[in-house]
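K.L.:
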Amino acid sequence: MLIVRGGAGLLNARTRADKIALVPTMGNLHVGHLALVEAARAKSDDVWVSLFVNPLQFGQGEDFDTYPRTFDEDVAQLESAGATLLFAPSVAEMYPGGVESPTRVSLPPLASELCGRHRPGHFDGACTVVLKLFNLTGAAYACFGEKDYQQLTLVKRMVVDLNLGVEIVPVATTREHDGLAMSSRNAYLDSNARRKAPSLYAELAAIRRQLEAGRRDFAALEQAAMTSLEADGWVPDYVAIRGAELQSPDGLEEFRVLGAARLGATRLIDNVKTGLSP
Numbered sequence: 026m027l028i029v030r031g032g033a034g035l036l037n038a039r040t041r042a043d044k045i046a047l048v049p050t051m052g053n054l055h056v057g058h059l060a061l062v063e064a065a066r067a068k069s070d071d072v073w074v075s076l077f078v079n080p081l082q083f084g085q086g087e088d089f090d091t092y093p094r095t096f097d098e099d100v101a102q103l104e105s106a107g108a109t110l111l112f113a114p115s116v117a118e119m120y121p122g123g124v125e126s127p128t129r130v131s132l133p134p135l136a137s138e139l140c141g142r143h144r145p146g147h148f149d150g151a152c153t154v155v156l157k158l159f160n161l162t163g164a165a166y167a168c169f170g171e172k173d174y175q176q177l178t179l180v181k182r183m184v185v186d187l188n189l190g191v192e193i194v195p196v197a198t199t200r201e202h203d204g205l206a207m208s209s210r211n212a213y214l215d216s217n218a219r220r221k222a223p224s225l226y227a228e229l230a231a232i233r234r235q236l237e238a239g240r241r242d243f244a245a246l247e248q249a250a251m252t253s254l255e256a257d258g259w260v261p262d263y264v265a266i267r268g269a270e271l272q273s274p275d276g277l278e279e280f281r282v283l284g285a286a287r288l289g290a291t292r293l294i295d296n297v298k299t300g301l302s303p
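In our numbering, the protein residues as written are 26 to 303.
Put into structure tokens, the structure is as follows:
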């Protein structure tokens, strides 16, 4: 696996590649990330992974400085998984003019809802770096996990609106044996929080079952889940029932149920789709 730190190295690699399948990550890789690499391998022999902890998507007081960085372990996993190139740029490489006031992507109103309401500017920062990675790599495909479904939806919208010509490949959420969605931030959980953590998924799955049984009192279902999470020690940001493109669920028959909540200092997100088994 070739390791590249700068844009010039990417340009040289692009001359030898055919259709590149990109997996954007922030490192500290787990089995869920490797599922993205597997999906990329199904699309192309040229599987490129980016590893960049993007300061633009972290708000004030968030965990940019303490976000887990495990470069050597990540390299070993990617080599075993069959990635052909790792792009691991510095902040200066990605933002040569500095991170204080770079040119940014401006997203539609969905970016200010759900997680965006609690993390202002987060999705603008995330989609800005994704666009830069698309430009730098010339990727034909890009694989994103469904765990951050709002990000996936906004990236797909950006690709259409800006005529980027990249095929976005959604990959199902990878879960622990007890249902907890795999996440780099799970490492922050102490033993008590880890014991409670699967209840977020359990609440969303319970709403899914009730929707599939015909209930349509969306607000009541959302509030009941919020109350249950609070009783179990969570501080929920939201539980929301939306359509497949995160539109209002009114009049629809297929839904995406999303939630975000904190256990102590750790914020976890998850979502489920009606019509799918756990």
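Even glycine gets a Cβ: it sits at the ideal position worked out from N, Cα and C.
Straight-line CA distance for G150 to Y174?
P.N.:
Taking the straight line from one Cα to the other gives about 16 angstroms.
K.L.:
Select from A67, V78, L179 the residue whose C-alpha is nearest the C-alpha of A113.
P.N.:
V78
K.L.:
Would you decide whether N188 is buried or exposed? Buried here means 16 or more other CB atoms lie within 10 Å of its CB.
P.N.:
exposed
K.L.:
With a threshold of 6 angstroms on Cβ separation, who are the neighbours of I28 within its own chain once the five nearest residues in sequence on each side are excluded?
P.N.:
Non-local C-beta neighbours of I28 in its own chain, meaning closer than 6 angstroms and more than five positions away in sequence, comprise L111, ordered along the chain.
K.L.:
If I measure Cβ to Cβ from K157 and keep anything under 7 angstroms in the same chain, skipping five residues before and after, which residues do I get?
P.N.:
M119
K.L.:
If distances are taken between C-alpha atoms only, which option among L54, V282, D71 comes closest to R94?
P.N.:
Nearest neighbour of R94 by Cα position, chosen from L54, V282, D71, turns out to be L54.
K.L.:
Please state the DSSP three-state secondary structure of D99.
P.N.:
helix
K.L.:
Roughly how many angstroms lie between the CA atoms of L139 and Y263, to the nearest whole one?
P.N.:
Rounded to the nearest angstrom, the two C-alpha atoms are 7 angstroms apart.
K.L.:
What's the gap between the Cα of E63 and the Cα of A106?
P.N.:
7 angstroms
K.L.:
Which same chain residues end up closer than 8 angstroms to A222 when comparing Cβ atoms and leaving out the 5 residues on each side of it in sequence?
P.N.:
L205, N211, L214, L288, L293
K.L.:
Which same chain residues, not among the five before or five after M207, have their C-beta less than 8 angstroms away from its C-beta?
P.N.:
H55, V56, G57, K172, T198, T199, R200, E201
K.L.:
Confirm, please, whether the CB-CB distance from S75 to L36 is below 8 angstroms.
P.N.:
No, Cβ-Cβ distance for L36 and S75 is not below 8 angstroms.
K.L.:
For P303, does the three-state DSSP call read helix, strand or coil?
P.N.:
Residue placement at P303 is poorly supported in this model, since its pLDDT is 45, which falls under 50; the coordinates are not used for a value here.
K.L.:
Would you decide whether R234 is buried or exposed? Buried here means 16 or more other CB atoms lie within 10 Å of its CB.
P.N.:
R234 sits exposed, since fewer than 16 C-beta atoms from the chains shown fall within 10 Å of its C-beta.
K.L.:
Closer than 8 angstroms by C-beta to V100: which residues in its own chain qualify, once you throw out the five before and the five after it? Chain order, please.
P.N.:
Same-chain partners within the cutoff: M26, I28, L111.
K.L.:
At what residues does the alpha helix (DSSP H) containing P223 begin and finish?
P.N.:
223-237
K.L.:
Pick from H143, D88, R220, K68: whose alpha carbon is nearest that of A167?
P.N.:
With distances taken between Cα atoms, A167 lies closest to K68.
K.L.:
Identify which residue in V72, A245, L283 has its Cα closest to the Cα of A38.
P.N.:
V72
K.L.:
Quick check on DSSP: helix, strand or coil for S75?
P.N.:
strand
K.L.:
So, is R30 buried or exposed, given that buried needs 16 or more other C-beta atoms within 10 angstroms?
P.N.:
Around the beta carbon of R30, fewer than 16 other beta carbons lie within 10 angstroms, which makes this residue exposed.
K.L.:
Taking 8 angstroms as the limit between beta carbons, can you name the residues of its chain near D257, skipping five residues before and five after?
P.N.:
K221, S224
K.L.:
Please give me, in chain order, every unbroken run of the alpha helix (DSSP H) with length at least 4 that falls completely inside the segment 91-167.
P.N.:
96-106, 116-119, 140-143, 147-162
K.L.:
Of the choices A164, Q82, G122, W259, whose alpha-carbon is the least far from that of I45?
P.N.:
Relative to the Cα of I45, the nearest Cα in the group A164, Q82, G122, W259 belongs to A164.
K.L.:
Pop quiz: C152 and L177 are said to be a contact at Cβ under 8 angstroms. What is the actual Cβ separation, rounded to whole angstroms?
P.N.:
At roughly 11 angstroms, the Cβ-Cβ gap does not stay under 8 angstroms, so C152 and L177 are not in contact.
K.L.:
At which residues does the beta strand (DSSP E) containing R182 begin and terminate?
P.N.:
Premise fails: R182 lies in the alpha helix (DSSP H), 174-186, not in any beta strand (DSSP E).
K.L.:
In this structure, does DSSP put K68 in helix, strand or coil?
P.N.:
helix
K.L.:
How big is the Cα-Cα spacing for R240 and G52?
P.N.:
40 angstroms
K.L.:
With DSSP run on the structure shown, which of helix, strand or coil describes A197?
P.N.:
It is coil, neither helix nor strand.
K.L.:
At which residues does the alpha helix (DSSP H) containing L271 begin and terminate?
P.N.:
No alpha helix (DSSP H) holds L271; DSSP gives it neither H nor E.
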